[in-house]
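Protein chains: 2
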Amino acid sequence: MSSSAMTIGAAAKRAGCPVATVRYYEEIGLMPEAERRPGGHRLYDETDVARLIFIRRCRELDMPIGKIVALLAISDDGARPCAEALDLTHEHLAAVRSRLNELRELERTLAAFAAECAQTCCQGSSATCTLFSELREPARRGGAARPT
Amino acid sequence: MSSSAMTIGAAAKRAGCPVATVRYYEEIGLMPEAERRPGGHRLYDETDVARLIFIRRCRELDMPIGKIVALLAISDDGARPCAEALDLTHEHLAAVRSRLNELRELERTLAAFAAECAQTCCQGSSATCTLFSELREPARRGGAARPT
DNA sequence: TTAGGACCTCAAGTTCCTTGAGGTTCAAGA
DNA sequence: TCTTGAACCTCAAGGAACTTGAGGTCCTAA
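In order, the protein sequence lines correspond to chains E and L. Quick note: the first sequence uses the numbering used here, first residue 392, plus one each step. Quick note: the second sequence uses the numbering used here, first residue 392, plus one each step.
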């Protein structure tokens, strides 16, 4: 538990991301400036790796960098109320759910288009393909009145 | 049904997108080079608007530009088999479904984290918040063996 | 000693637009 | 006819989150 210094390659491997990404996080200030060996190579310890994993985990959860910065600030200052972090999480959860709903609708629409084509026209040529006619229709959401 | 020439502003409005986007589509070759008035203003007709709506619709369905280019090529050459378009659509549908599954998992994970924090720690400070400890754990997907 | 792998620093590319600056053109009202 | 003011024009750069590439240095092990 003493000398846990490792190269950027080892740290990146532990966090499961490319080396270039680690440098990028340092560049934008998500990661602190790494110590260096005399030759210039970066050095990382367990704390760095934990932070890196934290960041990657958040990114896997699709959080934008800005939100991760905010979370790290709360974490770095151990005295701030945990409720702040929970708020951020709920905010992000809402964004994920909203995107989820969009994608569900999207899937339905695409599947319907494909089914129609498969049933009625897919032996023919593109000139009569229903996919193209459907795609040329403006999307009908809810019950919006169409312009005459 | 004769003189349906309109400005870029009118065309953009019909397609429901910003004017700058229409110019951008021309720049990257998704839209053909528009005719111009003597003063330089672009002119569009119904065919252009239909193409624009097609493109926007595809983008709403989250298709990458490259796939739209491919679809338009099939559509432009009316003789190509409709099955090609259906293939592209299925391909895209698969991408959408895959993303959908990712997001569903994401939502579960986030919701679980938030619930845990809300139940056990959210009165406290960030130093003991479960959100941070959870986020520092590498994600456990399926049953992958953990490195020792 | 030397090979080659890992590392270094810029710089530019990716995707799909959006925003901004600085300058024309056009339609319409006075 | 003149004059607004909106709509248009052309670059150029920015944004998110990295990735890729070029050209060069450092380190480890045989």
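Don't be surprised by glycine CBs; every beta carbon is placed ideally from N, CA and C.
In chain L, which residues lie with their C-beta within 9 Å of the C-beta of residue i?
i                  : result
Ser-395 of chain E : What Ser-395 of chain E touches in chain L: nothing, since even the nearest Cβ is about 16 Å away.
Return the residue from the list the options that minimises the CA-CA distance to residue i.
i                  : options                                       : result
Phe-504 of chain L : E:Glu-424, E:Asp-478 and E:Ala-503            : E:Asp-478
Leu-443 of chain L : L:Asp-468, L:Ala-411, L:Arg-471 and L:Cys-473 : L:Ala-411
Arg-414 of chain E : E:Pro-429, E:Asp-439 and E:Gly-430            : E:Asp-439
Ser-517 of chain L : E:Arg-495, E:Ala-470 and E:Gly-420            : E:Ala-470
Thr-480 of chain E : L:Ile-465, L:Ala-509 and L:Gly-400            : L:Ala-509
Gly-431 of chain L : L:Gly-407, L:Arg-527, L:Ile-399 and L:Phe-445 : L:Ile-399
Ile-419 of chain L : L:Ala-406, L:Arg-448 and L:Ile-459            : L:Ile-459
Asp-453 of chain L : L:Pro-409, L:Ala-502, L:Ser-524 and L:Glu-482 : L:Glu-482
Arg-447 of chain L : L:Leu-494, L:Gly-407, L:Ala-461 and L:Ala-464 : L:Gly-407
Opposite residue i in the DSSP bridges: which residues?
i                  : result
Pro-472 of chain E : L:Ser-516
Arg-433 of chain E : E:Arg-427
Met-397 of chain E : E:Tyr-435
Tell me the rounded alpha-carbon separation between residue i and residue j.
i                  : j                  : result
Arg-427 of chain L : Pro-455 of chain L : 29 Å
Arg-532 of chain E : Leu-522 of chain E : Here the model assigns Arg-532 of chain E a pLDDT of 49, short of 50, so the residue's position is not dependable and the matter cannot be decided.
Lys-404 of chain E : Glu-451 of chain L : 37 Å
Arg-423 of chain E : Met-397 of chain L : With the sequence shown as reference, residue 423 of chain E is identified as Pro, and Arg is not the correct amino acid for it. Distance between the alpha carbons of Pro-423 of chain E and Met-397 of chain L: 55 Å.
Gln-514 of chain E : Pro-472 of chain L : 7 Å
Asp-436 of chain E : Ala-425 of chain E : 10 Å
Leu-501 of chain E : Leu-491 of chain L : 13 Å
Ser-524 of chain L : Arg-433 of chain E : 26 Å
Ser-466 of chain E : Ala-486 of chain E : 22 Å
Tyr-416 of chain L : Ala-474 of chain E : 45 Å
With a cut-off of 7 Å, does the C-beta of residue i fall near any C-beta of chain L?
i                  : result
Glu-498 of chain E : yes
Cys-408 of chain E : no
Asp-453 of chain E : yes
Ala-536 of chain E : Because the pLDDT of Ala-536 of chain E is 34, which lies under 50, any placement of that residue in the model is unreliable, and the number read from its coordinates should be weighed accordingly. Answer no: the Cβ-Cβ gap between Ala-536 of chain E and chain L never drops below 7 Å.
Thr-398 of chain E : no
Thr-480 of chain E : yes
Cys-461 of chain E : Cys is not the amino acid found at residue 461 of chain E; the sequence shown has Ala there. Answer no: the Cβ-Cβ gap between Ala-461 of chain E and chain L never drops below 7 Å.
Leu-522 of chain E : yes
Are the C-beta atoms of residue i and some chain E residue less than 7 Å apart?
i                  : result
Thr-412 of chain L : no
Val-487 of chain L : yes
Ile-465 of chain L : yes
Leu-421 of chain L : no
Ala-441 of chain L : yes
Ala-425 of chain L : no
Using a cut-off of 7 Å between C-beta atoms, extract the partners of residue i located in chain L.
i                  : result
His-483 of chain E : Leu-501
Leu-526 of chain E : Phe-445, Arg-448 and Cys-449
Ala-403 of chain E : Those do not exist, as Ala-403 of chain E stays about 14 Å from chain L at its closest Cβ, beyond 7 Å.
Please compile the residues from chain E whose C-beta is within a distance smaller than 7 Å of the C-beta of residue i.
i                  : result
Gly-469 of chain L : Ser-516, Ser-517 and Ala-518
Ala-509 of chain L : Leu-477
Ala-505 of chain L : Leu-477, Thr-480, His-481 and Leu-484
Using a cut-off of 8 Å between C-beta atoms, extract the partners of residue i located in chain E.
i                  : result
Leu-491 of chain L : Leu-491, Leu-494, Arg-495 and Glu-498
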